[in-house]
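For the sequence shown, the positions run 1 to 185 when full-length UniProt numbering is used.
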Amino acid sequence: MIRLGSNSPTRALILNNANINFIQNGGSFDEDSIKTTNPKSFCYEATKGKFNELYKKYGIEDMPLLVSDSVVTSNGLLLRKAKDEKDARRMLELQSGNETSVITCMIYKSKHKELIDISITTYLFEKFDEKHIEEYIKSGECFGKAGAIMVEGFCKPYIKSVKGYESTAMGLCVEKLKVFMDKTC
Ligand SMILES: Nc1nc2c(ncn2[C@@H]2O[C@H](COP(=O)(O)OP(=O)(O)OP(=O)(O)O)[C@@H](O)[C@H]2O)c(=O)[nH]1
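Right, here's the structure in full:
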């Protein structure tokens, strides 16, 4: 059993699908406190901030702690979660017909071992259909997701090429996590 230190329904889904037993306790780390706009550094600092908050609160005596953060970068810009419909439209139009990378950092710490991993999945998308963009925004599914994208949903029909794990793009590189958890310390 592990503690998923996250509010993310997608991260919970990823662990469930991988048959990893967990309880979920999200934190309230303020990502706006992070100054850097370098996507990788931002992602690492956000993960570290989330980890420190929840490590202080729960420790790892009773079970290992797993936290994670994901950001998107396209055209060198850092894309976090869309603030509103206008922001979501901006992010989607930026990624339409473009290359996009999802960067996911995770920290897993038990009494015996610790993993700090940064994984990247890069997509080349076809141009998104304008009408489909509007439907997707209206559905609200674009919110709460880095870069307002959903690789297993809205983006799927537009994927021209992909390099990296889909799980990384969805918010938790479960393939690497499972290999690490299965390793004896
Ligand atoms: N379903 C889905 N979710 C995605 C995708 N890309 C990113 N996400 C989610 O976007 C969110 C990125 O925001 P974060 O700040 O890392 O995490 P959060 O949702 O705020 O949750 P915390 O772990 O509590 O910080 C995460 O919940 C990811 O799972 C995707 O393609 N599909």
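Just so you know, even glycine gets a beta-carbon here, dropped at the ideal spot from N, CA and C. If you're wondering where the values come from, they're calculated on a predicted model, not measured in any experiment.
- Annotation for GLU99: the continuous beta strand (DSSP E) segment containing it runs 99-109.
- Counting other Cβ atoms within 10 Å of its Cβ, THR168 reaches 16 or more and is therefore classed as buried.
- DSSP, reduced to helix, strand and coil, places TYR123 within a strand of the structure shown.
- Relative to the Cα of HIS132, the nearest Cα in the group SER96, LEU115, GLY164 and ASN16 belongs to SER96.
- Annotated three-state conformation of PHE51 is helix, per DSSP.
- By the neighbour-count criterion, in which 16 or more other beta carbons inside 10 Å mark a residue as buried, SER161 falls on the exposed side.
- Straight through space, the alpha carbons of VAL179 and PRO64 are spaced by roughly 15 angstroms.
- Annotation for THR10 indicates a beta carbon within 8 angstroms of some heavy atom of ligand 1.
- C-alpha of THR73 to C-alpha of CYS173: approximately 17 angstroms in a straight line.
- In the DSSP secondary-structure assignment, THR73 is bridged to LEU78 and SER101.
- Ligand 1 approaches LEU172 closely enough that one of its heavy atoms is under 8 angstroms from the residue's Cβ.
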